[in-house]
């Protein structure tokens, strides 16, 4: 059964100082056309990972704009999340030996979550874990009302064919889909109501709000980090695609020139990521007894406030991914005025303007070279940091992303009304009187 996630209120007006002139007014104009609409977001977990972070901001902002917006997460067993993590990796290109029962585990758990379904005007389903829900509802004869949109946060460029063939029939059921980048869209995905919308950060969240020197120092002292010495930081899940072992290799090359450099690796252990513990242990073994490497997680007291402090304190932030759906930690660091050295993959090149707010690299050796270059030149770091913050202001704040979702809902609803689709739902305060209320 789906579980409702509670979120704290947020007011769109508070974002006015972070964005360009006219942005707030444009959002309100489109939101007025959706006033009163019931919206449901569904994903796999309420914490750990970019989707949960985005929804923590997106859902209350939609409510502030007059939408009746809920957020629910799947209930699942360890067996279910092991299968869906394997699917996530396979869709990013990792080969996986699928068993016939794996699909059954995935689909049957979604059947349990589809019980006691309540209708909404718009249902936005995030990523593969809950993707079968629409098919299950229709196949069971429940004929769910409203418009269903699938949001893919994954890079499917090199997806394992077998994994994609498992997912594709469910994706084809949706009225529209949202993707991070055009090149991620897999061949065979319906072009109807297909939108490209990179994710974004919330500048007022605990992870991204202004942080005083006193607050930063208190966090560094608590975790044994010396603020007077150079600091490199990577914030990401512990998994092979984030290449934490490659980060340690780059750090060790840099340490030959800067022996006092420190490395902070921060990861969030999510409920839908059993593989994370395996990689956490690998990272600890690779670090060995180097006390200048700090390996930290939410399990030992690191939350959004601590991540904020670490990113503010860093001389350079790293995001050395080898596969990446987008990598919001890049925009987080740039927003704090820190240059970023990142993998030349996925959505990272959209965020890092090469040579302007950071560098793109393809190996640990290149990463080490760029890190050393930045550590040698404070003025270069400052220039890149300033440029990066303005780049994020223009392209990667939650206000732009919120507006993308509003436009997508309008497009799907208006398109369905034009085509007189049998399951279209009216919008703009004219929600059907006979439609069931949201759960």
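Numbering (my numbering), first residue to last: 256 to 694.
Idealized CB from N, CA, C, for every residue including glycine.
In this text the structure is predicted, and so the values were computed from the model without any measurement.
For secondary structure counted as the alpha helix (DSSP H) over 4 or more consecutive residues, the stretch 399–476 holds these complete runs in sequence order: 416–426.
Residue 660 has its alpha-carbon roughly 23 Å from the corresponding atom of residue 423. Beyond the five residues adjoining it in sequence on each side, residue 361 comes within less than 6 Å, by CB distance, of 338 in the same chain, given in chain order. Here the alpha carbons of residue 567 and residue 471 stand approximately 7 Å from one another. Counting of Cβ neighbours within 10 angstroms places residue 370 among the exposed residues, the total staying below 16. For residue 581, no alpha helix (DSSP H) run applies, since DSSP gives it neither H nor E. Per the DSSP secondary-structure output, residue 612 pairs with nothing in a beta bridge. Under DSSP, residue 328 shares a beta bridge with 258 and 298. When the alpha-carbon of residue 375 is set against those of 550, 296, 621 and 495, the nearest one is in 296. For residue 288, there is no enclosing alpha helix (DSSP H), as DSSP marks it with neither H nor E. Residue pairing by DSSP places residue 549 opposite 519 in a beta bridge.
DSSP links residue 293 through a beta bridge to 323.
Between residue 433 and residue 404, the C-beta spacing is below 9 Å. Beta-bridge pairing by DSSP links residue 488 to 519 and 572.
Taking the CA atoms as reference points, residue 329 sits about 14 Å from residue 391.
Nearest to residue 606 by alpha-carbon distance, out of 486, 581 and 629, is 581. Of 557, 488 and 561, the smallest CA-CA separation from residue 622 is found for 488.
Relative to residue 481, the option among 546, 368 and 426 whose CA is nearest is 546. Taking the Cβ atoms as the reference, residue 478 lies roughly 6 Å from residue 549, within the contact range of under 8 Å.
Taken through DSSP and simplified to helix, strand or coil, residue 493 comes out as coil. By the Cβ criterion, the stretch 345–354 is in contact with the stretch 404–422, since at least three pairs of Cβ atoms, one from each stretch, lie closer than 8 Å. Rounded to whole angstroms, the separation of the alpha carbons of residue 641 and residue 270 is 20 Å. Judged by pairs of C-beta atoms under 8 Å, the stretch 555–571 touches the stretch 458–466, as three or more such pairs exist.
A residue is called buried when at least 16 other Cβ atoms come within 10 angstroms of its Cβ; residue 573 meets this threshold and is buried.
When the alpha-carbon of residue 265 is set against those of 551, 307 and 315, the nearest one is in 315. Excluding residues up to 5 positions away in sequence, 374, 375, 376, 377, 378 and 680 lie with their Cβ nearer than 7 Å to the Cβ of residue 401 in the same chain.
Bounds of the alpha helix (DSSP H) holding residue 502 are 499–512. The beta carbon of residue 601 sits closer than 7 Å to those of 410, 576, 578, 579, 580, 581 and 582, all from its chain and outside the five residues before and after it, given in chain order.
DSSP places residue 377 in the strand class (E or B) of the three-state scheme. Nearest neighbour of residue 326 by Cα position, chosen from 355, 320, 312 and 335, turns out to be 312. The C-alpha of residue 343 is placed about 14 Å away from the C-alpha of residue 334.
Linking residue 268 to residue 625 through their CA atoms gives a straight-line distance of about 39 Å. Closest by C-alpha distance to residue 435, out of 532, 646 and 306, is 306.
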